[in-house]
Amino acid sequence: MAALTIAAGTGNWFSALALGVTLLKCLLIPTYHSTDFEVHRNWLAITHSLPISQWYYEATSEWTLDYPPFFAWFEYILSHVAKYFDQEMLNVRNLNYSSSRTLLFQRFSVIFMDVLFVYAVHECCKCIDGKKVGKELTEKPKFILSVLLLWNFGLLIVDHIHFQYNGFLFGLMLLSIARLFQKRHMEGAFLFAVLLHFKHIYLYVAPAYGVYLLRSYCFTANKPDGSIRWNSFSFVRVISLGLVVFLVSALSLGPFLALNQLPQVFSRLFPFKRGLCHAYWAPNFWALYNALDKVLSVIGLKLKFLDPNNIPKASMTSGLVQQFQHTVLPSVTPLATLICTLIAILPSIFCLWFKPQGPRGFLRCLTLCALSSFMFGWHVHEKAILLAVLPMSLLSVQKAGDASIFLILTTTGHYSLFPLLFTAPELPIKILLMLLFTIYSISSLKTLFRQSFTVVTQAGVQWH
Amino acid sequence: MNRNFEFRKPNSNLKMFLGAGKPPMFGDYEAQRHWQEITFNLPVKQWYFNSSDNNLQYWGLDYPPLTAYHSLLCAYVAKFINPDWIALHTSRGYESQAHKLFMRTTVLIADLLIYIPAVVLYCCCLKDISTKKKIANALCILLYPGLILIDYGHFQYNSVSLGFALWGVLGVSCDWDLLGSLAFCLAINYKQMELYHSLPFFCFLLGKCFKKGLKGKGFVLLVKLACTVVASFVLCWLPFFTEREQTLQVLRRLFPVDRGLFEDKVANIWCSFNVFLKIRDILPRHIQLIMSFCFTFLSLLPACIKLILQPSSKGFKFTLVSCALSFFLFSFQVHEKSILLVSLPVCLVLSEIPFMSTWFLLVSTFSLLPLLLKDELLMPSVVTTMAFFIACVTSFSIFEKTSEEELRLKSFSISVRKYLPCFTFLSRMIQYLFLISVITMVLLTLMTVTLDPPQKLPDLFSVLVCFVSCLNFLFFLVYFNIIIMWDSKSGRNQKKIT
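Sequence lines, in order, name chains H and A.
Residue 253 in the working numbering sits at position 222 of the first sequence, and the numbers go up by one each step.
Residue 1579 in the working numbering sits at position 357 of the second sequence, and the numbers go up by one each step.
Below is the structure:
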């Protein structure tokens, strides 16, 4: 009775929030799941039944292993728990096997791994300075941030309905960000290196990490005007960072290097044959590009500028994952997308190098890198928008300007995730959840910054 | 601007999650679909009668006319979307994703229009409580697992009748007596089980009339109330008052007196008694009727008489609880879902005695366990019960409110201490009882889920659940009656002190 009182009765709101969202996730167990469910079941089977040398060669199912080795080891560990639920799911030949026990196990594994995400959110809340804006618990920045992160609509529907393991991966990322805020740079770098070897999509934000660590950690001091002091360069720090990254990569890729399988692993990790756009278009620049190309080709056909025989038959919107040639506009190669992305992230990287603003500047750069890569990347999934939304939440509770950008980003980003859940029973769920989250985020951020407006204007400071 | 924005209210989407992915229950779900079919395709005169088109054995209509009108309304919407859903005869056992979504949406709409506004308004009208506590109160009431699970998991429209009853309580407590009684008549005309609440309403209003003086305003009020009640009944039953046979047939469908003392396993006295002594088979039918009648009325008489003599809003709510509980425990042909009729008044007193109310609501959800397991609702029931428990503990800090005064037992224990000076352990005793009760409930749940019952006693676990719940309910009956009977004394004592 006493323990319960301590945990809940005395108002430990964070535990209540975390527990509440966990209960919600339990209710989502029987909902629709996408092919990603079968993907992960297949990976459980591959890692459990086959030796390591076969992991990146196995192709019985179309869903081949295309995440880095740490994730494969993670699935291996999971498979040892899975065998107590249902042995049959670990058979590689059991394609599309989804008994009720398999479903229960997989869903619970996602919910369980979210513990890391909860811990990361807790650490991030410690990094937010609680300005004395309001005595009400629900108006404190920490509370709002916890709700925006723990109850994030996008993460909920992608992880717990569509089925993926993004929760703990974002937990790792948020934890590394929190460590950088707390000036524990080595830990932050280590966590990010580990994260990269779990899911290589986080390469999108690697430039931000690299530049920040180099500029603000390897150069230990700045000149009084903020510019770089070249003689404060610390070789020790650079080497220790390099060592950390090298060791992590060695742990991950070492076995495959020994087996001479690195080219195969890389071809699985970076499948450039998959085409410019994913089966369901991510709402990025190339989607507009493709649409423009289509419009121009239709106009061209009507005005008889184009020969119908030269138009390729396959349609980009057919839901197939394949390479495609544009008809009117020049075709886009992976190199072109890389150059576009690099050009897009250049301004923020420059700022991070020449005018470092501490961890907050790093966070802004990270968000911009994520957004730029989303806009111009090759074969981007629409789920990648979460890479920008979640770090932005940290910024949104601290400055009014960031809050308004965050609201636009999060609302449109979450709306763009709607096509992921296309079944009838999920329609009311996704609409209701989205409405609640949007209404909450708008009202809470508005209240938070309205208070600070009042405080500042009362102090007589000009507010533009 | 002092904006107090809400705790996130997960009530609605919680309910939709329960709906999504559940297989349509062939029981009440098909019954409701069938009633839409009957009311849409057949003329009013044939709704309650057995005919070639309307086989009363196949989910015949056994609720009062308002349910039938509601089904008719839903049927019109269904016809607009897909006529196959309510086609006569051919739509039996119809199952499709779209239809499931439609039916669940009708429950949600009924909830949003009637029950949820009543709860929100009730919490807003609570006195001496901060806004934040009012919102927390509303959240806890809306999170009550029993109603969510029965309405959205099992599929029923209890929120309509309970909502109307709540509007009635609201009206009568705020001195809008006519509107309150109108709302309550609508509740009775939706589900006849609301008659469990009718005695407290009657006694409270009668008490008010007496207080106003039977020679003046009181008499006028009495006449106005009588007219309101009669008018609302006539309005609802209008198509059925044309012939005597119609009225009698509807009454026969509503009150099936030849069904026996109880059916299936229910957490009331007779079922529990039946474990030891098979009274259902020993005693003849009319003796069973008389016996249940006597016990019911004897147990609720003290509280009702007190309410007539001293009508107060607080006393009214507590009397609602004890009357409904008496009916549930001792009445004829009680179904386990009728516990919801007791749970609603207990939700209303959540802010006054949070500890006991939370305990009661947990037990009431537990008593529904056999039904929920049959519908494969184990996971949602565990999740919602935990969410409700956490919400109550965080909102009311219930474990800090277990002193005698908080439990409203102070005057009672003072009276007892006059004869037994050592009676100081009441509060601790109740805490221990709570612990034992919760542990028993958890153990029984685990046993029911994991173990198979022995072959000779296939119903062992459901009977055990009913028996344990019944013991708990008896304890609560005694407790609530003590609160009612010893209430005014504490009021008088406090006035003397201050």
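All residues carry an ideal CB built from backbone N, CA and C; glycine is no exception.
Is the CB of residue i under 7 Å away from at least one CB in chain A?
| i | result |
| --- | --- |
| ALA455/H | yes |
| ALA536/H | Outside the modelled stretch of chain H, which goes from 32 to 495, sits residue 536/H, for which no answer is possible. |
| CYS57/H | yes |
| ALA47/H | yes |
| LEU186/H | no |
| ILE37/H | The predicted model places ILE37/H with a pLDDT of 44, which falls under 50 and marks its position as unreliable, so this point remains unresolved. |
| THR441/H | no |
By a C-beta neighbour count over all protein chains shown, 10 Å radius and 16 as the cutoff for buried, is residue i buried or exposed?
| i | result |
| --- | --- |
| THR1607/A | buried |
| TRP261/H | exposed |
| LYS1724/A | Only positions 1223 to 1720 of chain A appear in the structure, and residue 1724/A is not among them; the question remains open. |
| GLY350/H | In this prediction, GLY350/H scores a pLDDT of 47, lower than 50, which makes its location untrustworthy; no coordinate-derived value is stated. |
| PHE1742/A | The first residue shown for chain A is 1223 and the last is 1720, placing residue 1742/A beyond what the model contains. |
| TYR115/H | exposed |
| ALA20/H | Because chain H in this structure spans residues 32 to 495, residue 20/H falls outside the shown range and cannot be described. |
| VAL1700/A | exposed |
| ARG1314/A | exposed |
| ALA345/H | Unreliable positioning characterises ALA345/H in this predicted model, as indicated by a pLDDT of 47, which lies under 50. The coordinate reading is nonetheless provided below. Exposed. |
| GLY296/H | The sequence given here has Val at residue 296/H, not Gly. Buried: at least 16 other Cβ atoms inside 10 Å. |
| LYS173/H | buried |
| VAL52/H | buried |
| PHE1549/A | buried |
| SER1352/A | exposed |
| VAL1382/A | buried |
| ILE439/H | exposed |
| PHE1463/A | exposed |
| TYR248/H | buried |
Looking at the C-beta of residue i, does it have a partner C-beta in chain H at a distance below 7 Å?
| i | result |
| --- | --- |
| LEU1584/A | no |
| VAL1664/A | no |
| ILE1612/A | yes |
| LEU1443/A | no |
| LEU1520/A | no |
| VAL1605/A | yes |
| TYR1701/A | no |
| THR1616/A | yes |
| LEU1335/A | no |
Checking the sheet assignment: what are the DSSP bridge partners for residue i?
| i | result |
| --- | --- |
| ILE473/H | According to DSSP, ILE473/H bridges with nothing at all. |
| ASN197/H | DSSP lists no partner for ASN197/H. |
| ILE259/H | ASN253/H |
| VAL1556/A | PHE1484/A |
| PHE264/H | PHE250/H |
Name the chain H residues that come within less than 7 Å of residue i, Cβ to Cβ?
| i | result |
| --- | --- |
| ALA1320/A | ALA455 |
| LEU1408/A | Result: empty, since nearest Cβ-Cβ is about 28 Å, beyond 7 Å. |
| MET1601/A | CYS57 and ILE60 |
Run down chain A in chain order and give the residues with a C-beta less than 8 Å from the C-beta of residue i.
| i | result |
| --- | --- |
| ILE175/H | The contacting residues do not exist; ILE175/H stays about 10 Å from chain A at best. |
For residue i, go through chain B and note every residue whose CB falls closer than 7 Å to its CB, in chain order.
| i | result |
| --- | --- |
| ALA1609/A | This model lacks chain B altogether, as its protein chains are H and A. |
Closer than 9 Å by beta-carbon distance: list the chain H residues that pair up with residue i, in chain order.
| i | result |
| --- | --- |
| MET1651/A | By Cβ distance, chain H contributes nothing, its closest Cβ being about 14 Å from MET1651/A, past 9 Å. |
By the criterion of Cβ-Cβ separation under 7 Å, what are the contact partners of residue i in chain A?
| i | result |
| --- | --- |
| ILE142/H | Simply none; closest approach about 11 Å. |
Between residue i and the ligand COA, is there a pair consisting of the residue's CB and a ligand heavy atom that are separated by less than 6 Å?
| i | result |
| --- | --- |
| SER46/H | Within the structure as shown, the ligand COA is missing, as the structure has no ligands at all. |
Mind pulling the chain H residues with CB within less than 8 Å of residue i?
| i | result |
| --- | --- |
| LEU1323/A | ALA455, PRO456, LEU458 and PRO459 |
Below 8 Å, how does it come out for the stretch 268 to 276 of chain H and the stretch 64 to 71 of chain H: are there three or more Cβ pairs, yes or no? No, because fewer than three Cβ pairs between the stretch 268 to 276 of chain H and the stretch 64 to 71 of chain H fall closer than 8 Å, the two stretches do not touch.
Is it true that the stretch 1388 to 1405 of chain A meets the stretch 1328 to 1347 of chain A, where meeting means three or more beta-carbon pairs spaced less than 8 Å apart? The stretch 1388 to 1405 of chain A vs the stretch 1328 to 1347 of chain A: in contact.
Taking 8 Å as the cut-off, does the stretch 200 to 220 of chain H touch the stretch 241 to 248 of chain H (at least 3 CB pairs, one atom from each stretch)? Touching, yes, given that three or more Cβ pairs across the two stretches are closer than 8 Å.
Segment contact flag, the stretch 43 to 57 of chain H with the stretch 81 to 91 of chain H, C-beta cutoff 8 Å, min 3 pairs: The stretch 43 to 57 of chain H is not in contact with the stretch 81 to 91 of chain H.
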